[in-house]
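One line per chain: the protein sequences are A and B, in this order. Under full-length UniProt numbering, the first residue of the first sequence is numbered 1, with each subsequent residue one higher. Under full-length UniProt numbering, the first residue of the second sequence is numbered 1, with each subsequent residue one higher. Note sheet for the following structure.
There are 2 protein chains.
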Amino acid sequence: MATEAAPETPGYRQPDIDVLALQRVLDGPYAEVRDLVRTNLASHAAVLEDAETMGRDEFRERVRELVVEIAATGQTGMGFPAEYGGGGDLGASIAAFETLAYGDLSVLVKVGVQFGLFGGAILQLGTKAHHDAYLRDTITGTTMGCFAMTETGHGSNVQRLGTTAAYDATTQEFVLHTPDDQARKDYIGNAAAHAELAVVFAQLRVATEEGGTPTDQGVHAFVVPLRREGKVLPGIRIEDCGPKMGLDGVDNGRIWFDHVRVPREALLDRFAQVSASGVYTSSIDNPNRRFFTMLGTLVQGRVSVGGAGINAAKVAITLATTYAGRRRQFEATAPPEEDVLLDYGLHQRRLLPLLARTYALHFAQQVVAEQLHDVFTNEVAGTDGEKARRELEARAAGTKALGTWHATRTIQECREACGGAGYLSANRFAALKADTDVFTTFEGDNHVLLQLVAKGLLTDYASEFEDLDQFGMVRFVAATAVETVIERTRVHKLLTRLKDVLPGGDEWAQEAGLLDPNYQLAMLRFREEHMLAGLARRLKRGIDAGDNPGVVFSRVQAHVIAAANAHVERLVLDAFVDACRSVAAEPDLKVALGLLCDLFALSTIEADRAWFMEHGRLGSARSKAISREVDDLCRKLRPLAQDLVDAFGIPAEMLRAPDLLGPA
Amino acid sequence: MATEAAPETPGYRQPDIDVLALQRVLDGPYAEVRDLVRTNLASHAAVLEDAETMGRDEFRERVRELVVEIAATGQTGMGFPAEYGGGGDLGASIAAFETLAYGDLSVLVKVGVQFGLFGGAILQLGTKAHHDAYLRDTITGTTMGCFAMTETGHGSNVQRLGTTAAYDATTQEFVLHTPDDQARKDYIGNAAAHAELAVVFAQLRVATEEGGTPTDQGVHAFVVPLRREGKVLPGIRIEDCGPKMGLDGVDNGRIWFDHVRVPREALLDRFAQVSASGVYTSSIDNPNRRFFTMLGTLVQGRVSVGGAGINAAKVAITLATTYAGRRRQFEATAPPEEDVLLDYGLHQRRLLPLLARTYALHFAQQVVAEQLHDVFTNEVAGTDGEKARRELEARAAGTKALGTWHATRTIQECREACGGAGYLSANRFAALKADTDVFTTFEGDNHVLLQLVAKGLLTDYASEFEDLDQFGMVRFVAATAVETVIERTRVHKLLTRLKDVLPGGDEWAQEAGLLDPNYQLAMLRFREEHMLAGLARRLKRGIDAGDNPGVVFSRVQAHVIAAANAHVERLVLDAFVDACRSVAAEPDLKVALGLLCDLFALSTIEADRAWFMEHGRLGSARSKAISREVDDLCRKLRPLAQDLVDAFGIPAEMLRAPDLLGPA
């Protein structure tokens with residue numbers, strides 16, 4: 001096609017991408033781990049077809065076998081201590097999990113349940129006795145476990161779970177009980193068929209002094225046997241959740257406990273203990289804070305799901321981009337030959353900003369994975385460690401939300417861009433769409449997670465905020481934190497700070513080049529801080545007026561989400577800009593990543609340009625110029641698109657899709 | 001919850017909705033037909049479970065039986081002439097089809113294939129002999145047929161189909177042939193298992209004068225037997241398309257023809273005939289025009305799919321709204337009681353604008369269905385009739401695109417709003433999502449359809465545009481139509497016209513009330529005409545500069561889509577405003593529909609407020625005021641939400657969802 005491949009930008013030379021070198025950049029420090037997973041994926045590629053051809057029960061068994069097989073390669077145990085057969089490297093564990101998302105996602109989720117959620121809870125909430133008892137067999141998959149937190153009545157508000165665990169000092173046992181159907185454990189992966197053990201979250205009822213009256217101590221975790229030799233134990237009822245949208249290889253179930261007794265040692269007692277005589281002690285006095293500390297240790301689940309979402313998006317964008325580079329439809333340029341889809345301006349606009357955002361999120365995910373590794377590898381005590389953990393949790397929450405929404409959106413757009421062929425299961429979108437759909441609401445509902453991000457920003461990750469429920473948080477923020485936020489983000493200060501990095505004084509928005517990363521970052525930072533200040537003011541105004549805190553919160557909730565999103569998008573751009581700098585020595589890669597980074601930054605600003613105009617940071621002319629620049633960047637990236645998706649290093653076996661990827 | 005149910009607007013009184021009266025408004029002139037379908041749906045509700053529990057082959061048979069059963073009630077034959085057992089009312093046929101979308105969508109699509117596509121092609125492209133031969137058994141479902149248009153290599157560009165039909169005068173037969181795999185018929189519903197007949201679209205090769213050399217006459221349709229007593233006939237190869245994302249009850253297949261001979265009478269010859277000796281004649285000289293005229297008669301398929309998408313969205317929004325009115329999570333307002341989801345501002349923002357748009361699209365669909373009925377019932381000859389048909393086709397294309405994208409988006413948002421429960425098949429979203437996904441790309445890819453809409457606007461539905469391929473269109477528009485469009489839409493004229501309906505002279509944007517429908521319509525009309533003029537200018541500029549028309553087209557393609565979208569959204573608002581006026585005599589309904597209409601109009605403007613700011617029609621302050629008004633409207637609609645979804649009249653049996661709709 002006589003297409004406008006590269007608009008004439010002075011000095012622009014189309015880069016020549018070394019795909020393997022770019023893959024090395026993307027793979028980062030854990031390239032070997034990722035390659036191990038790629039090899040495992042390729043050798044078990046038949047599972048993608050099994051997912052279609054096998055009945056549900058058969059496929060569940062197949063997935064279980066596969067999980068045990070890949071466990072034997074060491075792939076799934078990398079995050080556990082070496083003394084139990086693990087790899088002792090949490091970062092490696094995340095890299096392995098992310099890469100596994102190139103394949104069948106039932107396998108991925110089963111791995112996540114077994115090693116991340118169940119094994120992770122034993123490791124993080126338990127102590128040596130639990131580790132000794134369970135970790136070795138968990139790592140091999142010999143013992144299957146499940147993570148019984150969510151209940152029918154409570155998914156997001158975990159503090160309000162209904163399952164109870166009352167201590168009986170006479171027998172030194174906890175009695176686990178499901179008082180009603182709202183308190184049944186629900187959607188629990190591995191529960192319907194395979195789990196022999198469960199980590200069960202329940203409201204602990206025990207005294208706090210010798211001979212005292214038992215009282216509620218909040219949610220705690222217990223190891224509870226569910227099955228022996230495949231048979232469900234007495235007092236326990238398990239029901240299959242029934243057919244689901246996707247993830248057919250994962251056996252989700254519901255669990256009821258009828259006064260089930262477990263020994264005192266079943267309590268995962270890293271953060272709280274119950275003595276034989278029934279006295280409760282904890283190193284963390286405040287119950288809210290204790291609860292959030294326990295939950296906080298499970299943050300790797302969110303980091304994992306975020307990474308998995310981003311990698312599932314890579315599969316979709318690789319399929320759609322490759323197809324669009326081959327498929328011809330309609331004679332537009334030189335009849336009678338039809339044009340290649342990717343030469344159409346609209347098609348570039350549909351796919352390439354999503355590709356750029358996929359790269360951006362990839363690098364942001366690398367940052368959060370690294371941060372996770374650091375925080376858990378070098379546990380820092382005191383306030384600094386506390387703050388680092390809170391920041392990690394907020395970043396993990398934000399990246400998970402944006403990464404999984406990006407997956408949903410990208411998979412959908414790519415399916416549509418592949419037309420009817422995209423609808424056939426052989427071409428992968430059916431499974432991608434059905435299996436990833438739940439990513440946006442499990443491991444923390446995305447909207448709830450973004451509220452967590454905003455909370456952290458409003459309180460500057462002060463540990464006090466952990467003492468508060470939703471209701472108290474609003475009052476706290478309004479009373480205590482708002483002035484600080486308003487002070488910190490006051491617009492003239494913000495502009496002054498930004499002036500330092502940008503030319504043009506107060507006119508920076510007009511003067512700075514659109515392709516200057518400092519300009520792009522300044523725009524995203526301005527948005528973030530301005531939104532945060534506005535949010536703080538709205539909260540304060542409502543509380544000062546004597547309104548009910550819940551009503552105030554409800555009124556500003558959309559602003560909460562917007563502010564959190566603005567913050568996370570800025571973090572993502574930070575990560576991408578840093579990544580571009582890291583390849584400074586490789587000129588062609590630098591140009592290619594630079595184009596993607598510009599496209600991500602400008603399409604992000606473009607998508608929210610109304611806000612920037614409303615807040616005086618963008619005039620009509622410049623706003624239109626940004627849209628034109630996005631068009632130009634798409635045209636520049638079009639000839640690079642195939643290399644850019646190839647660099648994800650998705651094994652050919654995982655792409656299947658004979659109809660999409662066959663000869664044009 | 002101490003929620004802000006209704007912001008204090010002077011004189012505002014919360015309406016008391018008579019749900020049945022509102023349902024009558026929504027049902028329109030075909031309430032009886034819709035009720036018949038509701039009854040049929042309820043009595044066959046078990047099919048929703050069958051879709052999960054049965055294997056693919058069994059479920060296909062079940063769906064086939066069901067289609068034949070409901071055919072016997074008259075529900076599916078309403079659009080056919082009475083003399084063959086039909087209902088003789090095309091409007092009734094659309095109403096029935098739309099309502100069927102409340103149920104299992106394999107049944108819907110099978111009905112669409114059999115009665116809409118196959119039966120519709122026989123009716124519209126054939127003549128009396130074909131009607132006599134096939135219609136009666138088609139209407140009862142005794143004979144199953146398929147519509148073999150799409151090929152692997154050509155979905156959107158139907159004119160370039162590869163299947164050939166050469167006339168052999170010696171035997172008075174057409175020889176149908178598939179030259180290569182790109183030309184195999186693909187994704188054909190009813191082909192893999194059930195169809196005995198196919199309407200096959202192929203390139204006709206025949207002479208235009210006695211003894212002349214056969215030449216290509218373009219795509220024509222033929223009735224071709226595929227099976228006899230269930231066995232595929234010689235020369236024909238049929239393959240199953242294999243597993244799909246959804247619609248498991250529809251047997252999609254691929255068909256190859258190896259020099260298959262059919263008699264001369266197999267040509268559906270309403271618009272073109274071949275004499276026994278092999279001479280081609282047609283009342284329409286121009287081949288492009290002939291082709292588009294033939295295709296144009298099949299427009300009811302698009303009207304049907306658009307309506308089905310909108311009604312599938314109704315199911316999703318009904319489930320999510322009902323759930324959100326019962327589900328409690330997090331104590332925000334009055335601890336320890338948790339708050340109802342729909343009392344949260346964010347949840348209102350997520351669901352209620354989608355509800356408003358569902359209503360808007362419903363009324364827009366009623367308009368296009370009525371127009372379809374009129375055009376086909378009172379066929380008007382000459383230029384007027386021609387223009388009416390072109391306008392209908394454009395409106396059908398636009399409504400289909402917006403209706404089906406709305407379905408995808410609404411179902412996704414509603415699934416997420418129902419959390420993990422939304423992921424379970426019993427709660428309907430799994431099927432809704434998987435089955436409707438293909439709606440955006442079948443019966444015309446939405447992006448291609450919006451280009452068709454824009455073409456109509458640029459050429460003012462001049463019949464000449466039908467003579468042109470994509471390439472020629474760009475040149476034609478640039479050379480001929482652009483001046484007219486620019487003249488017609490010149491901004492000062494536009495503003496003058498708008499001033500007549502609005503107070504405040506040139507300041508109307510500032511003066512007019514946000515809730516004045518004249519203001520809302522003026523905004524959408526301004527956007528539409530301004531975009532169209534801009535598009536025309538861009539096309540002209542490119543062609544004047546000597547650029548390749550295809551390159552010019554590629555460059556403006558995103559503007560083409562935007563202009564078409566703006567046009568269709570304006571039509572939708574027109575339809576909604578008219579619908580509000582039609583209930584003027586019922587004050588409570590008028591208020592309720594007025595709120596929804598305001599919410600649709602303002603959230604539509606809000607979503608594109610960047611454009612309005614860029615083009616001087618919205619200042620920052622007013623833009624923010626629109627967002628606040630959207631918030632207010634959501635709060636006002638919150639207490640009405642349940643009544644508003646109940647008025648869709650979806651049979652309780654179709655909602656299933658015990659987890660979502662059970663007691664709170």
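Just so it is clear, CB atoms sit at the ideal spot from N, CA and C, and this is done for glycine as well.
Residues of chain A with a Cβ closer than 7 Å to the Cβ of residue 345 of chain B are, in chain order, 554, 555, 557 and 558. When C-beta atoms of the region 130 to 143 of chain B are compared with those of the region 159 to 178 of chain B, fewer than three pairs fall below 8 Å, so the two segments do not count as touching. Contact annotation: residue 204 of chain B and residue 217 of chain B have beta-carbon atoms nearer than 8 Å. Annotation for residue 347 of chain B: 324, 341 and 417 place their beta carbon closer than 8 Å to its own, counting only its chain and skipping 5 residues before and after. Secondary structure of residue 345 of chain B (DSSP, three-state): helix.
Within the region 587 to 639 of chain B, the complete alpha helix (DSSP H) segments of 4 residues or longer fall at 587 to 607, 609 to 614 and 620 to 637, listed in chain order. Taking a Cβ-Cβ cut-off of 7 Å, the neighbours of residue 447 of chain B in chain A comprise 346, given in sequence order. Relative to residue 570 of chain B, the option among B:551, B:538, B:62 and B:517 whose CA is nearest is B:517.
Taking 8 Å as the cut-off, the beta carbon of residue 302 of chain A is found no closer than this to the beta carbon of residue 437 of chain B.
In this structure residue 315 of chain B does not touch residue 523 of chain B by the C-beta definition: roughly 31 Å separates them, more than the 8 Å allowed.
In the DSSP assignment, residue 30 of chain B falls outside any alpha helix (DSSP H), carrying neither H nor E.
A Cβ of chain B is located within less than 8 Å of the beta carbon of residue 419 of chain A.
Contact between residue 304 of chain B and residue 86 of chain B is ruled out by a C-beta separation of about 16 Å, above the 8 Å threshold. With contact defined as three or more Cβ pairs closer than 8 Å, the region 189 to 198 of chain A and the region 247 to 259 of chain A are in contact. Put simply, the CB of residue 248 of chain B is far from chain A, with every gap to its CB atoms at 8 Å or more. Inclusion of residue 37 of chain B and residue 100 of chain B in the CB contact set at 8 Å is warranted, their separation being smaller than that value. In this structure, residue 242 of chain B sits away from residue 106 of chain B, with a CB-CB distance that is not shorter than 8 Å. Of all residues in the region 292 to 317 of chain B, none places a beta-carbon less than 9 Å from a beta-carbon of chain A.
By the rule that beta-carbons nearer than 8 Å mark a contact, residue 434 of chain A touches chain B. When secondary structure is reduced to three states using DSSP, residue 174 of chain B falls in the strand class. Nearest Cα to residue 133 of chain A within the set A:103, A:177, A:83 and A:450: A:83. Listed along the chain, the chain B residues whose CB falls inside 7 Å of the CB of residue 241 of chain A are 424.
Residue 223 of chain A is a Cβ neighbour of residue 130 of chain A, given a cutoff of 8 Å. DSSP places residue 159 of chain A in the helix class (H, G or I) of the three-state scheme. Per DSSP, the beta bridge partners of residue 146 of chain A are A:198. Taking residue 640 of chain B as the centre and dropping the five residues before and after it, the same chain places the C-beta of 14, 15, 17, 592 and 595 closer than 8 Å to its C-beta, in chain order. No Cβ-Cβ contact shorter than 8 Å links residue 264 of chain A with residue 279 of chain A. Restricting attention to B:632, B:610, B:426 and B:237, the CA atom closest to the CA of residue 515 of chain B is found in B:632.
Under a criterion of Cβ atoms nearer than 8 Å, the residues of chain B adjacent to residue 561 of chain A are, in order, 346. In this structure, the CA atom of residue 258 of chain A is about 32 Å from the CA atom of residue 320 of chain B. Residues of the region 541 to 552 of chain B with a Cβ closer than 8 Å to any Cβ of chain A, in chain order: 548, 549, 550 and 551. Considering only A:546, A:453 and A:335, the residue with the shortest C-alpha distance to residue 565 of chain A is A:453.
Residue 128 of chain B sits exposed, since fewer than 16 C-beta atoms from the chains shown fall within 10 Å of its C-beta. According to the DSSP assignment, residue 643 of chain B belongs to the alpha helix (DSSP H) that extends over 641 to 646. 52: these are the residues of the region 52 to 86 of chain A whose beta carbon lies less than 7 Å from some beta carbon of chain B, given in chain order. In the three-state reduction of the DSSP assignment, residue 384 of chain B falls in the helix class, which pools H, G and I.
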